[in-house]
Amino acid sequence: MSTFQKATRKQIKIKIGVTGPTGSGKTFGSLRLAKGLAAGGKIAFIDTENESASLYSGSVNDHEGRAHAFDFDVINIAPPFTHDKFINAIEAAVKEQYQVVVIDSGSHFWEGILDRKSKLDAQGGNSFSNWAKVTDDYKDILAAVLQSPIHVICCLRSKMDYILEEVERNGRKTSVPKKVGLAPVMRDGVEYEFTTVFDVALDHNAACSKDRTSLFTGKIAQLTEDTGAAILSWLSTGAPVNRPSTRAAPLITADAKGRAIAAKDRLKNLDAAAAGVARDLWTKFDGKWAEMAEAMEAALAERES
């Protein structure tokens, strides 16, 4: 019997990145995209933008005055943007059987990780070791997005810059500044993780910078319900996939890791002796998060009793 098997395209749940500068319409376009992907099913929205997603509930006009109706459920995430908040929200969307989850903005994942790195550096230690610690957080978030058995649309802010664009006014050519979006605010190379990446410009049109579906290569257009429906149709031509009813291991690991980190931080704030215990347990269990969480919590309970 061969170790390999015949390669066949599966009916996967697509992971889409939507990048763009402020004002490009990432949120609006992502909701239209999600509506087409959901095909009448439920849409969840993870909002890190100060509850701005709710502005799009009900009937909303686009920039050309056309009305669009959106029906979705939202969870609002406020700072600090710790990795466990995002992972738990994705887990909830899976358990509550949403067809699509929109994350806006995924860039806050990265900002939360950078914030934790800065705090670790302020506490001392080797910068490379600190990067290793926060990289685990990044990998946990990425695993939650990529391995979840539902469609995921992740909005990412673009870094901003201005270019001079030559235009003609009153029969004369002149140069005017134009705002453009550059790379997304996220760890370099994140685009490789998605099935498809749409880059939305300030005119609300999207170009596809990565497209494993081959549906949008070389095309520039607004993100609409038809975009989502086309992707869903393409996915349906693959072979069925047997999926477990819940996402288990990655999220359980992430939850244990969050508990371990929380208990460690509380121990460190008690006194020098407790901080030493926290360091010893961190070294002893080294990534065995479930065991570490239990040990940290037991040590904390003993000292707080």
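Numbers in this note's numbering are just positions in the sequence shown, counted from 1, shifted up by 22. All C-beta atoms, glycine included, are put in the ideal place defined by N, C-alpha and C.
CA-CA distance, Lys286 to Ala252, rounds to 48 Å. Straight-line spacing of the CA atoms in Gly134 and Thr70 works out to 11 Å. A straight line joining the alpha-carbon of Asp162 with that of Ile109 spans about 8 Å.
In this structure, the beta-carbon distance from Phe94 to Phe67 falls below 8 Å. In terms of CA proximity to Met314, Arg301 leads the group Glu324, Arg301 and Arg325. Separation of Asn83 and Val40 (C-alpha to C-alpha, rounded to the nearest whole angstrom) is 21 Å. With a 10 Å radius around the Cβ and a threshold of 16 neighbouring Cβ atoms, Thr218 comes out buried. Counted as a single uninterrupted DSSP element, the alpha helix (DSSP H) harbouring Lys161 occupies residues Ser149 to Gln169.
Between the C-alpha atoms of Phe131 and Val174 there is a straight-line separation of about 15 Å. Going by DSSP, Val116 is part of the alpha helix (DSSP H) stretching over His105 to Lys117. Secondary structure of Lys195 (DSSP, three-state): strand. By the 16-neighbour rule on beta-carbons within 10 angstroms, Leu303 is buried. Between the segment 154 to 172 and the segment 99 to 113, the count of C-beta pairs closer than 8 Å reaches three or more; the two stretches touch. The alpha-carbon of Arg325 is positioned some 8 Å away from that of Ala296. Under the 10 Å beta carbon count, Arg191 is surrounded by fewer than 16 other beta carbons and is classified as exposed. Minimum Cα-Cα distance from Asp126 among the listed residues Glu113, Arg31, Ala321 and Glu73 corresponds to Glu73. Gly58 is not a Cβ neighbour of Gly280, given a cutoff of 8 Å. Spanning the alpha carbons of Gly211 and Pro43 requires a straight line of approximately 18 Å. As DSSP reads the structure, Phe92 sits in a beta bridge with Gly80.
The beta carbon of Ala60 lies closer than 6 Å to those of Gln121 and Val122 in the same chain, with the five residues before and after it left out.
For the options Gly45, Glu118, Leu55 and Phe92, the alpha carbon positioned closest to that of His85 is the one of Gly45.
Bounds of the alpha helix (DSSP H) holding Asp137 are Ser129 to Ala144. The C-beta distance from Lys232 to Phe216 rounds to 7 Å, short enough to meet the 8 Å contact threshold.
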